[in-house]
Amino acid sequence: MQAPSSFDAVVVGAGVAGLFCATALADAGLSVAVLEARGSPGGRARSWMDANTGTEVDIGPHVVSTEHRQFLRMLERLGTREHIAWQDEPLIELLDAKQHLAVANVDWMPPLHGLPNLPVALRRLGIADALSHVRVAWQALRANVRRQRALDTQDALHWLRSLGVSERAIAWFWRSAMLAVLNVPLEQCSAAAAMRIFRLMLGRSGYHFGFPAVGLSQLYVPACTKAIRSRRGEVFTGALVHSVQVRGDAVRAVRLRDGRCLAAPVCVVALPPWHAGPLLARSAEPALAPLQQAARAFVGAPYVSTMLWFDRPVGAPRFWARVWNPQDLNTDFYDLARIRSRAPSPASLIACNAIGPNARFAWTDAQVVARTREELVEAAPAAATGRLLHARVHRIRAAIPQPRPGTETLRPGVRTPVRGLFLASDWCDTGVPCSMESAARAAALAAGGIVGATLALPPPETYGFAGLLRERN
1 MQAPSSFDAV VVGAGVAGLF CATALADAGL SVAVLEARGS PGGRARSWMD
51 ANTGTEVDIG PHVVSTEHRQ FLRMLERLGT REHIAWQDEP LIELLDAKQH
101 LAVANVDWMP PLHGLPNLPV ALRRLGIADA LSHVRVAWQA LRANVRRQRA
151 LDTQDALHWL RSLGVSERAI AWFWRSAMLA VLNVPLEQCS AAAAMRIFRL
201 MLGRSGYHFG FPAVGLSQLY VPACTKAIRS RRGEVFTGAL VHSVQVRGDA
251 VRAVRLRDGR CLAAPVCVVA LPPWHAGPLL ARSAEPALAP LQQAARAFVG
301 APYVSTMLWF DRPVGAPRFW ARVWNPQDLN TDFYDLARIR SRAPSPASLI
351 ACNAIGPNAR FAWTDAQVVA RTREELVEAA PAAATGRLLH ARVHRIRAAI
401 PQPRPGTETL RPGVRTPVRG LFLASDWCDT GVPCSMESAA RAAALAAGGI
451 VGATLALPPP ETYGFAGLLR ERN
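For the sequence shown, position 239 matches number 239 in UniProt numbering, and the numbering has no gaps at all.
Following this line, the structure appears as structure tokens:
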């Protein structure tokens, strides 16, 4: 690492939050050093070339939505939003008991937009199961942010049962939705986090999903690096940070493991909680002790992501998910050959995720591939006869912070008690679940706090009839 000894700001971590924050600071005219411990930028949203196939593969398949407004705004700034392949219809295809259920995407006034999908739900739930949601739906429609956060002391399973939601509805809808969106089983999920998702499902319409049509890193790493370098900054890889140097209640420098220091009046820690906590502890600054303690409360969701290359198209949908079953391995599936313009053709490249308790780390690669192919065949029978050319199993022990009870109220703001020290990560208090969107919002909040500007868009809120029912703060 050859670099100047001082910068206007130092950002620790080159994931979505770190690079987006550094780009916003560079746009404001600051010279920024981004320090990444790994050998390549991208953090928990990165990609690399698979040596066997020459295909750029992601750390795990990712999905965005039209609700990722801050993330999409940054992609517009970088000139890469056109690399999102959008799926207008259906919203999502569900595989349930080997049957395909198409969930329609409509932009009716909320909450009336749910009516077209009522027949889909009733095919699996009885009238009594559907009506068991009346109390929880009313509570969600009435809730504001304050009431939502008051639920953080209890788990989502207890909350749903206390409101009379049937066990069948919990198993069919709630377990599937919360594992896919929040990466945590219901009994370990904060009721506040579950409430946030449900109230936005009821109170917003017309959203749809999109997928990177290029390698995940290509969406933002090259363009962010270019923007940072345009203002005399740099992105350094293999740069292990030891501590943030604080004197007189203000940031002075960032010290690397090899003993070198980069002087800067501003430091942004853009790391997940399990890395941010130990780094802050090494600063030996008493004012940061509450942040260190909060960081220890967060647990990362384990992921096992599998990719299968076939010699022919297997007839799979472009994107689908399996309704929750405790015996299943994978939750969501993608045929990247139908998403990415540069994917091998006419072959199929199937990518999928096993999340949380479904991520069976004790299984061998052969076991994971065999079970994945069995689950794939249920959605695409041609996969049984297609020749499997190559398989890749990637295990991520902590992909994203899980919203366990108590953690919603522990999510910190981007400002810290130390002058010049900011946080920017998906676990920050951004008003949205931990995700790439939360990382992008944290980056905008931190950069805006540094340069004295409003860069963050407001978090999504309910509107229409649902918005009229919401209690005002």
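Think of the CB as a built atom: it goes at the ideal place given N, C-alpha and C, for glycine as much as any other residue.
Between the C-alpha atoms of residue i and residue j, what's the straight-line distance to the nearest angstrom?
i	j	result
D107	F298	36 Å
L423	V235	18 Å
C352	E375	10 Å
R229	E82	23 Å
G277	K98	44 Å
L216	G43	11 Å
V268	L25	11 Å
A253	A295	22 Å
Q367	L240	36 Å
Q87	V214	16 Å
E285	C428	20 Å
L308	R472	49 Å
W172	M195	17 Å
R247	A347	59 Å
G164	Q139	12 Å
Y303	G29	38 Å
L72	G413	22 Å
G300	E56	25 Å
A447	R441	10 Å
R232	A85	34 Å
G206	T462	12 Å
L160	I170	8 Å
Any idea if residue i is buried or exposed, counting beta-carbon neighbours within 10 angstroms, 16 or more meaning buried?
i	result
D335	buried
V134	exposed
T331	buried
P401	buried
G60	buried
P116	exposed
R123	exposed
N52	exposed
Q70	buried
G203	buried
Q327	exposed
S341	exposed
L275	For clarity, residue 275 is His in the given sequence; the question names Leu instead. Buried, since its Cβ has 16 or more Cβ neighbours within 10 Å.
P417	exposed
D258	exposed
F361	exposed
M49	exposed
H113	buried
Taking 8 Å as the limit between beta carbons, can you name the residues of its chain near residue i, skipping five residues before and five after?
i	result
R149	A192, E408 and T409
S435	H68, I400 and D426
E93	H100, L101, A102, V103, P317, F319, W320 and A321
F310	A347, S348, L349, I350, A383, G386, R387, L388 and L389
Going by beta carbon distance, what residues of the same chain come within less than 7 Å of residue i, once the five residues before and after it are set aside?
i	result
P357	P185
A121	A130
Per DSSP, what kind of secondary structure is residue i in: helix, strand or coil?
i	result
V451	helix
E56	strand
E374	helix
A263	strand
D27	helix
E67	coil
P90	coil
I396	strand
N358	helix
P401	strand
H100	strand
T225	helix
F319	strand
S132	coil
residue 556	Nothing about residue 556 can be reported from this structure: the residues present for the chain run from 1 to 473 only.
H390	strand
Among the residues of its own chain, which have a CB less than 6 Å from the CB of residue i, if the five just before and after it don't count?
i	result
P459	G431 and V432
A443	A17, F20, C21 and A424
residue 475	The shown model of the chain, from 1 to 473, leaves out residue 475, and the question about it has no answer.
residue 555	Coverage of the chain is limited to positions 1 through 473, which leaves residue 555 absent and any answer about it impossible.
Looking at the strands, I want to know which residues DSSP matches up with residue i.
i	result
S190	D155
P212	I84
I350	L308 and D335
S243	R255
W48	V57
G300	P401
A383	DSSP output for A383 lists no bridge partner at all.
F422	V268 and R415
F236	L35
S6	A263
Consider the C-beta atom of residue i and the heavy atoms of the ligand PLP; say whether any pair is separated by less than 6 Å.
i	result
Q99	This structure lacks the ligand PLP, and indeed carries no ligand of any kind.
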